[in-house]
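This note's numbering numbers the first residue of the sequence shown as 1389 and each following residue consecutively. Where a beta carbon is used, it is the ideal one built from N, C-alpha and C, also for glycine. The structure displayed is predicted, hence computed values, not measured ones. This report concerns only the one structure given below.
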Amino acid sequence: MREDYNFVIKITTNCPAHCKCCVNRKKAFENKNENNTVFNISYFEKLCSIINQIGGKYICFSGGEPTMVSNIEAYMKIAHSYGLKTRINTNGWDITAEKLDLWLSLGLEQIVLSVYSLDAENIDNVRGSSVLLERLLKSAKVIKEFKEKRDFIFIVQTVVMKDNYTELPQILEFAINNNANLMWPSYMEDAINLPGVRMEKEDINILKSNIIPKMKDIVNKYIFEEEKKKDIIYNLNEYYKNEFDGYIYHNENYECHWTQRHLTFYPNGTIYPCPAHEYFYSKCERKIDYNSIDVPQVLSILNQDTKDLQQYCKYCPQGIFQDIRIS
Ligand code: SF4
Ligand code: SF4
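Okay, structure coming up:
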């Protein structure tokens, strides 16, 4: 039993966007049309009870787009009643002041806002939605206002792809100007199974020679604490300091800190053993009947042998690139 479990619950697989980096996830929804795209609330309650019994302290509401679930507050109340803190991963589809006020009172501790583009044309290209930008900006405004008076962590996350890496300086500036605590530039090339999306060698060279210097300019413009500034510049200098030939990041015995700590639960009973599984197929996925789910089942999935998983780890950039700690 441990306290640092990371449980992600896809409370819906519905989403108004069609992000390029999400292609594999969408394909994996075999039961997409079987009326199981929203997590059954009584199964959700069972899961919260099990998480509580095995020592879990928090869960993440993810999707799909969780703000599309009209009774998301009911899920938050349940998690809260089992003593679980919560995080929400959202593309900013529907966050209002009234909702955020309530969510925070129900134990919401972290908001992760996915920002893959701030350009009206490019967001359509990268995320397949021309209306998302306006909604995201509206939600960011609400979050920013609440950051000034309430205590929670705000993270701007981006999946860095061939079509959006040149926007990294703007996204960093957006994160700083909206009072974000952190910026997570994740899955830098999305190398696993997504050759159409990942950065090629020449993109990586442009990133190093042109984009990262612009990010440093932003840091110098807005961050005044010397230690903090030093840390961020150090992390930026580390991006692609090493070459990763063939998109291989880890050796075969790599022990990822997520193994035996993380599970992602889908409404249809699919369970992934680590966060990167949203981007590739593997034989480490499990399927469960939530009707009969219990503590021993969840523990046995958590503790499954990591050998199978390690064959995918070598192509996964997890742990290579550092977050940008703004405050
Ligand atoms: S990455 Fe998020 S916002 Fe984009 S399509 Fe997938 S679930 Fe929707
Ligand atoms: S595939 Fe990536 S996230 Fe998953 S266990 Fe391996 S290194 Fe960690």
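Residue range of the unbroken beta strand (DSSP E) whose run includes L1506: Taking the first residue of the sequence shown as position 1, residue 1506 is located at position 118. For L1506, there is no enclosing beta strand (DSSP E), as DSSP marks it with neither H nor E.
Check whether S1450 and K1398 have beta carbons under 8 Å apart: On the sequence shown, position 62 is the one that residue 1450 refers to. On the sequence shown, position 10 is the one that residue 1398 refers to. Yes, Cβ-Cβ distance for S1450 and K1398 is below 8 Å.
Beta carbon of I1611 nearer than 8 Å to that of L1651: Indexing the sequence shown from 1 puts residue 1611 at position 223. Indexing the sequence shown from 1 puts residue 1651 at position 263. Cβ atoms of I1611 and L1651: not closer than 8 Å.
Cβ pair count under 8 Å reaching 3, the stretch 1614-1634 against the stretch 1668-1687: Because the criterion of three Cβ pairs below 8 Å is not met, the stretch 1614-1634 and the stretch 1668-1687 do not touch.
Cβ-heavy atom distance, H1406 to ligand 1, below 7 Å: By 1-based counting over the sequence shown, the position of residue 1406 is 18. Yes; taking the cut-off as 7 Å, the Cβ of H1406 has a heavy atom of ligand 1 nearer than that.
Assigned exposure category for G1452 - 16 Cβ within 10 Å defines buried: Residue 1452 sits at position 64 when you count from the first residue of the sequence shown. By the neighbour-count definition (other C-beta atoms within 10 Å, threshold 16), G1452 is a buried residue.
Own chain partners of F1632 with C-beta closer than 6 Å, once the 5 adjacent residues on each side are dropped: What you label residue 1632 is simply residue 244 of the sequence shown in a count that begins at 1. Within the same chain, F1632 has no close Cβ partners at all.
E1486 burial status per 10 Å Cβ neighbour count (16 or more: buried): Counted from its first residue, the sequence shown places residue 1486 at position 98. Counting Cβ neighbours within 10 Å, E1486 comes out exposed, since fewer than 16 surround it.
With 16 other Cβ atoms within 10 Å as the buried cut-off, status of P1655: Working through the sequence shown from its first residue, we reach residue 1655 at position 267. When all chains shown are included, P1655 counts as buried.
D1392 burial status per 10 Å Cβ neighbour count (16 or more: buried): Numbered from its first residue, the sequence shown carries residue 1392 at position 4. It is exposed - the Cβ of D1392 has fewer than 16 other Cβ atoms within 10 Å.
Sequence-distant residues of the same chain with beta carbon closer than 7 Å to I1483, five excluded per side: By 1-based counting over the sequence shown, the position of residue 1483 is 95. So the list reads T1455, S1527, V1530 and I1531, once near-sequence residues are dropped.
Where L1555 falls, given that 16 or more other Cβ within 10 Å makes a residue buried: For the purposes of this step, residue 1555 is taken as the residue at position 167 of the sequence shown. Reading off the sequence shown, one finds Glu at residue 1555, where the question assumed Leu. So E1555 counts as buried.
Close-in-space but distant-in-sequence residues of the same chain around Y1628 (CB under 6 Å, 5 per side omitted): Taking the sequence shown and counting its residues from 1, the one referred to as residue 1628 is at position 240. Residues I1592 and K1596 of the same chain have their beta carbon placed closer than 6 Å to that of Y1628, with the five preceding and five following residues left out of the count.
Cβ-based burial, I1636 [other Cβ within 10 Å; buried from 16]: Taking the first residue of the sequence shown as 1, we reach residue 1636 at position 248. Taking all protein chains shown into account, I1636 has fewer than 16 neighbouring C-beta atoms within 10 Å of its C-beta and is therefore exposed.
Beta-carbon proximity of L1488 to Y1446, cut-off 8 Å: Walking along the sequence shown from the start, residue 1488 turns up at place 100. Walking along the sequence shown from the start, residue 1446 turns up at place 58. Remark: C-beta atoms of L1488 and Y1446 do not approach each other more closely than 8 Å.
Given S1517 as reference, the closest of N1565, Q1699 and A1405 once Cα atoms are compared: Along the sequence shown, one-based indexing puts residue 1517 at 129. Considering only alpha carbons, the answer is A1405.
C-alpha distance - I1659 paired with E1577, whole-angstrom precision: Here residue 1659 corresponds to residue number 271 of the sequence shown, with the count starting at 1. Here residue 1577 corresponds to residue number 189 of the sequence shown, with the count starting at 1. If you take the alpha carbons of I1659 and E1577, they lie about 24 Å apart.
Closest Cα partner of A1462 within the set C1436, G1443 and I1442: Locating residue 1462 in the sequence shown gives position 74, where the first residue counts as 1. Nearest option by C-alpha distance: C1436.
Helix, strand or coil at P1573 [DSSP, three-state]: The count along the sequence shown starts at 1 and reaches residue 1573 at position 185. Under the three-state reduction of DSSP output, P1573 falls in the strand class.
Nearest candidate by alpha-carbon position, reference T1478, set A1508, L1624, F1542 and L1697: As a position in the sequence shown, residue 1478 is number 90, starting the count at 1. Residue F1542 is the option with its Cα nearest to T1478.
Residue closest to R1475, alpha-carbon to alpha-carbon, out of E1590, N1567, V1544 and F1562: In the sequence shown, the residue the question calls residue 1475 occupies position 87. Just measuring C-alpha positions, the residue of E1590, N1567, V1544 and F1562 sitting nearest R1475 is V1544.
Start-to-end residues for the alpha helix (DSSP H) that takes in Y1700: For the purposes of this step, residue 1700 is taken as residue 312 along the sequence shown, with counting starting at 1. K1695 to C1701 is the extent of the alpha helix (DSSP H) around Y1700.
Sequence ranges, beta strand (DSSP E) only - wholly within the stretch 1518-1551, length at least 3: Fully enclosed beta strand (DSSP E) runs of 3 or longer: 1541-1547.
Limits of the unbroken alpha helix (DSSP H) element including V1686: Here residue 1686 corresponds to residue number 298 of the sequence shown, with the count starting at 1. Element bounds for V1686: V1683 to L1690.
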